[in-house]
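Notes follow once the structure below has been shown.
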Amino acid sequence: MLDLIKGPILTFQDFVLLAGRAVRGVFRKPYYWPDVFMQMDLIGIGSLPVVVLTGFFSGAVMALQMSRALQTYGASSQVGQIVAITLVREMGPVLTALMVAGRNASGMASELGSMKVTEQIDAMRALGTDPVMKLVKPRLIATATMLPLLVIIADFIGIFGGWVVACPLLGLTSDAQYWNNSWRSLEYNDITQGLLKPFVFAIVISLVGCYYGMRTTGGTQGVGRATTQAVVVASVWIVVLTFLIGRIFVSI
Amino acid sequence: MAEAPDNCILGFDQVTVRFDEEPVLDGVSFKLRRGESLVLLGEAGSGKTVLLKTALGLIRPDSGRLFLFGEDVTSASEQQWFDLRARIGVLFQEGGLFDSLSIEENVSYPLSNQESLRCPEQEMARRVEQSLEFVELGHTLEKFPSELSGGMRRRVGIARAVVTEPELLLYDSPTAGLDPITAATIMALIIKGRDVRRATTLIVTHRYQDGEMLTRYRHDSSLGHLVPAPENGTGPRTHYLVLRGGRVVFDGSQAELEASADPYVANFVRRTG
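Sequence order for the protein chains is A and B. Counting in my numbering, the first sequence runs from 1 upward without gaps. Counting in my numbering, the second sequence runs from 1001 upward without gaps.
In structure tokens form, the structure reads like this:
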């Protein structure tokens, strides 16, 4: 029994140690700004198409599925409110984070994993660079900056997608009422929750991706394994954390 | 950091390294003095690379003491290790070149990233060019590692190892996987690095002929190529260490190695020699 839980506990311990070093490193020199900007481009600009598509269709699908239920209760005019609240609080951050986890946690794990198996990380240490500062910190800073921005874009595009279905397509409500309801329904609590979540998810995605990359062993097969583990673990943490953060905000 | 007993450049004193409770280095002891060369022989999995990484501070020993440049560095911090590594040049088994950087950036990496070695950009460019000329790859500055052959990548690795003019040079299987002609070129460059820059050298290999070449030849700067080393002992001092299952089974000169009665050592020399 002890042996069974020893592995996961050791893994978690190693992860916490890496996370501690990376977070502490954010406030310490040296800063590799060109690496940070390159990662911002990869994560932010690179993920934009997939995030826009996901955002648009999640808003559109939500308006579509809600239309019948709302019509039953004669509340079709409230479609904007439902789309806005669900997107800003939950769907926007979670779906965007899952997309970025699939795209970037895997990218980080495979890039760092390849560097590990080809001894580039050892070479880096041997040549006077701390891999946590050079590789992990820029990815952490870039993801924590870009994911909240991507979520804001996904939320807007999602609300727009909801409007496309609710107004021009199904004629559930008027344009003015849709946008007015969407805007008025949002409270500071929703916005805070909607921006805190991607910030927390960004920390998880970048650190999990880097952690599994940096502990890769076993050649190219190991790189594949590390990539899969990074995506699965990051995705599971996203859905667990969204519940925990949501629970805290419900009680506030 | 305490003083080493006899001011050796690199010394292991009963060093043991364990992976998952299994010893991969088991009570290893040896000394490498200034100007000496050490050839580390052993079959795959005998702990050669682990020994080299331990010497670089990339792996910490579980027990025993480690001496570098005359000081006990067993409990040195990572920051102290960064300063120590600035005095060591290393060529990794897989080359260890950074895929995303050009050859010029790869070779200049230690100069631009190690605090104690930082120099003005013009000086850096001059030293990078000089190092690449040293390995006869001066024309590859703008290329990327993926555009070079395996032998060329190994030569760039040597250029990066010598660019800082280190006191100690560590080579991990520099000829592994190369054809005999390229392997001889790489060994000639290692001998050139040892003799021109007078660096203390540790070479990890499974090929006996690499060590043999290191012992029997020296680089003649006036002729620009290798010549047989004089037999009267005035040439570079080279000794051998043979590892088996993480333990040192032989420590001595080439003559002693060739005369060894140990079947593992004898077989090793016969098989690869």
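Note that CB positions come from ideal geometry on N, CA and C, so glycine has one too.
With a threshold of 8 Å between beta carbons, is Glu-1094 (chain B) in contact with chain A? For this step, residue 1094 (chain B) is matched to residue 94 along the second sequence. Yes, because at least one Cβ of chain A sits closer than 8 Å to the Cβ of Glu-1094 (chain B).
So, helix, strand or coil for Tyr-73 (chain A), using DSSP? Here the question's residue 73 (chain A) lines up with position 73 in the first sequence. Here Tyr-73 (chain A) sits in coil by DSSP.
Consult DSSP for Thr-1201 (chain B) and reduce its assignment to one of helix, strand or coil. Mapped onto the second sequence, residue 1201 (chain B) falls at position 201. Note: Thr-1201 (chain B) maps to strand in three-state DSSP.
Taking His-1225 (chain B) as the reference, give the member of B:Ala-1176, B:Ala-1044, B:Leu-1189 with the closest Cα. Within the second sequence, numbered from 1, the residue matching residue 1225 (chain B) stands at position 225. Out of B:Ala-1176, B:Ala-1044, B:Leu-1189, B:Leu-1189 has the C-alpha closest to the C-alpha of His-1225 (chain B).
Can you name the residues that DSSP bridges to Ser-1037 (chain B)? Counted from its first residue, the second sequence places residue 1037 (chain B) at position 37. According to DSSP, Ser-1037 (chain B) bridges with B:Thr-1201, B:Thr-1238.
CB contact check: Leu-1052 (chain B) to chain A, cutoff 8 Å: As a working mapping, residue 1052 (chain B) is identified with position 52 in the second sequence. Not an interface residue.
Quick one: is Gln-289 (chain A) near chain B, going by C-beta distance under 8 Å? The question about residue 289 (chain A) has no answer, for chain A in this structure spans 1 to 252.
Buried or exposed: which applies to Pro-138 (chain A), given that a residue is buried once 16 or more other Cβ atoms fall within 10 Å of its Cβ? Reading the first sequence from its first residue, position 138 is the one you call residue 138 (chain A). Of the other Cβ atoms in all chains shown, 16 or more fall within 10 Å of the Cβ of Pro-138 (chain A); this residue is therefore buried.
Examine chain B for any beta-carbon lying closer than 8 Å to the beta-carbon of Gln-120 (chain A), and answer yes or no. Within the first sequence, the letter at position 120 stands for residue 120 (chain A). Using a Cβ-Cβ cut-off of 8 Å, Gln-120 (chain A) counts as an interface residue toward chain B, since at least one Cβ of chain B sits closer than that to its own.
Counterpart residues of His-1206 (chain B) in DSSP-defined beta bridges: Along the second sequence, one-based indexing puts residue 1206 (chain B) at 206. As DSSP reads the structure, His-1206 (chain B) sits in no beta bridge.
One or two residues paired with Lys-1031 (chain B) in a DSSP bridge: As a working note, residue 1031 (chain B) is residue 31 in the second sequence. BP columns for Lys-1031 (chain B) point to B:Gly-1011.
Within 10 angstroms of the Cβ of Ala-60 (chain A), are there 16 or more other Cβ atoms? Answer buried if so, exposed if not. Here residue 60 (chain A) refers to the residue found at position 60 when the first sequence is read from its first residue. In this structure Ala-60 (chain A) is buried. Its beta-carbon is surrounded by 16 or more other beta-carbon atoms within 10 angstroms.
Is Thr-1175 (chain B) near Ile-1186 (chain B), with beta carbons less than 8 Å apart? Start at 1 with the first residue of the second sequence, and residue 1175 (chain B) comes out as number 175. Start at 1 with the first residue of the second sequence, and residue 1186 (chain B) comes out as number 186. One thing to note: Thr-1175 (chain B) has its Cβ within 8 Å of the Cβ of Ile-1186 (chain B).
With three or more C-beta pairs closer than 8 Å as the rule, is the segment 139-156 of chain A touching the segment 1110-1124 of chain B? The segment 1110-1124 of chain B, when compared against the segment 139-156 of chain A, does not touch it at the 8 Å Cβ threshold.
How far does the beta strand (DSSP E) with Ser-1063 (chain B) in it reach, from first residue to last? Here residue 1063 (chain B) refers to the residue found at position 63 of the second sequence. Note, Ser-1063 (chain B): beta strand (DSSP E), 1063-1068.
Neighbour-count burial assignment, Met-1 (chain A), 16 or more Cβ in a 10 Å radius: Taking the first sequence and counting its residues from 1, the one referred to as residue 1 (chain A) is at position 1. Exposed is the call here.
Within 10 angstroms of its Cβ, does Gln-1093 (chain B) collect 16 or more other Cβ (buried), or is it exposed? One-based indexing of the second sequence puts residue 1093 (chain B) at position 93. Using a 10 angstroms sphere on the CB of Gln-1093 (chain B), the tally of other CB atoms reaches 16 or more, which defines it as buried.
Tell me where the beta strand (DSSP E) around Thr-1228 (chain B) begins and ends. The count along the second sequence starts at 1 and reaches residue 1228 (chain B) at position 228. Here the sequence assigns Pro to residue 1228 (chain B), which means Thr is not the residue at that position. First-last of the beta strand (DSSP E) with Pro-1228 (chain B): 1225-1228.
Applying a beta-carbon distance threshold of less than 9 Å, which residues of chain A neighbour Leu-1058 (chain B)? For the purposes of this step, residue 1058 (chain B) is taken as the residue at position 58 of the second sequence. Within chain A, the residues near Leu-1058 (chain B) are Asp-122, Arg-125, Ala-126.
Starting from Ile-205 (chain A), trace the alpha helix (DSSP H) both ways and give me its first and last residue. Mapped onto the first sequence, residue 205 (chain A) falls at position 205. In the DSSP assignment, Ile-205 (chain A) falls within the alpha helix (DSSP H) that extends over 188-214.
Chain A contact for Tyr-1109 (chain B) (CB, 8 Å cutoff): The sequence position of residue 1109 (chain B) within the second sequence is 109, counting from 1. Among the residues facing chain A, Tyr-1109 (chain B) is included, as its CB has a counterpart in that chain under 8 Å away.
So if I threshold CB-CB distances at 9 Å, which residues from the segment 1105-1138 of chain B count as touching chain A? Flagged, chain order: Tyr-1109, Pro-1110, Asn-1113, Gln-1114, Glu-1115, Ser-1116, Leu-1117.
Quick one: using the 10 Å Cβ neighbour count with 16 as the cut-off for buried, is Ala-22 (chain A) buried or exposed? Numbered from 1 along the first sequence, position 22 holds the residue referred to as residue 22 (chain A). Buried: at least 16 other Cβ atoms inside 10 Å.
For Ile-159 (chain A), does the three-state DSSP call read helix, strand or coil? For the purposes of this step, residue 159 (chain A) is identified with residue 159 of the first sequence, where counting begins at 1. In this structure, Ile-159 (chain A) counts as helix in the three-state DSSP scheme.
In DSSP terms, what Pro-1023 (chain B) is bridged to: Taking the second sequence and counting its residues from 1, the one referred to as residue 1023 (chain B) is at position 23. B:Arg-1018, per the DSSP bridge assignment.
Glu-1256 (chain B) by DSSP, collapsed to three states: which one? Numbered from 1 along the second sequence, position 256 holds the residue referred to as residue 1256 (chain B). For Glu-1256 (chain B), the secondary structure class from DSSP, reduced to helix, strand or coil, is helix.
Output yes or no for whether 8 Å exceeds the beta carbon distance between Gly-1095 (chain B) and Gly-1151 (chain B). Taking the first residue of the second sequence as position 1, residue 1095 (chain B) is located at position 95. Taking the first residue of the second sequence as position 1, residue 1151 (chain B) is located at position 151. Against a cut-off of 8 Å, the Cβ pair of Gly-1151 (chain B) and Gly-1095 (chain B) comes out as no contact.
Give the DSSP-derived three-state secondary structure of Arg-1060 (chain B) in the structure shown. For the purposes of this step, residue 1060 (chain B) is identified with residue 60 of the second sequence, where counting begins at 1. Arg-1060 (chain B) falls in the coil class under three-state DSSP.
Considering only their Cβ atoms, is the gap separating Gly-158 (chain A) from Phe-56 (chain A) smaller than 8 Å? Residue 56 (chain A) sits at position 56 when you count from the first residue of the first sequence. Residue 158 (chain A) sits at position 158 when you count from the first residue of the first sequence. Taking 8 Å as the Cβ cut-off, Phe-56 (chain A) and Gly-158 (chain A) qualify as a contacting pair.
Whose C-beta lies closer than 7 Å to the C-beta of Asn-189 (chain A) among residues of the same chain, with five residues either side of it excluded? Along the first sequence, read from residue 1 onward, the residue named residue 189 (chain A) stands at position 189. Excluding sequence neighbours, Asn-189 (chain A) sits near Phe-249, Ile-252.
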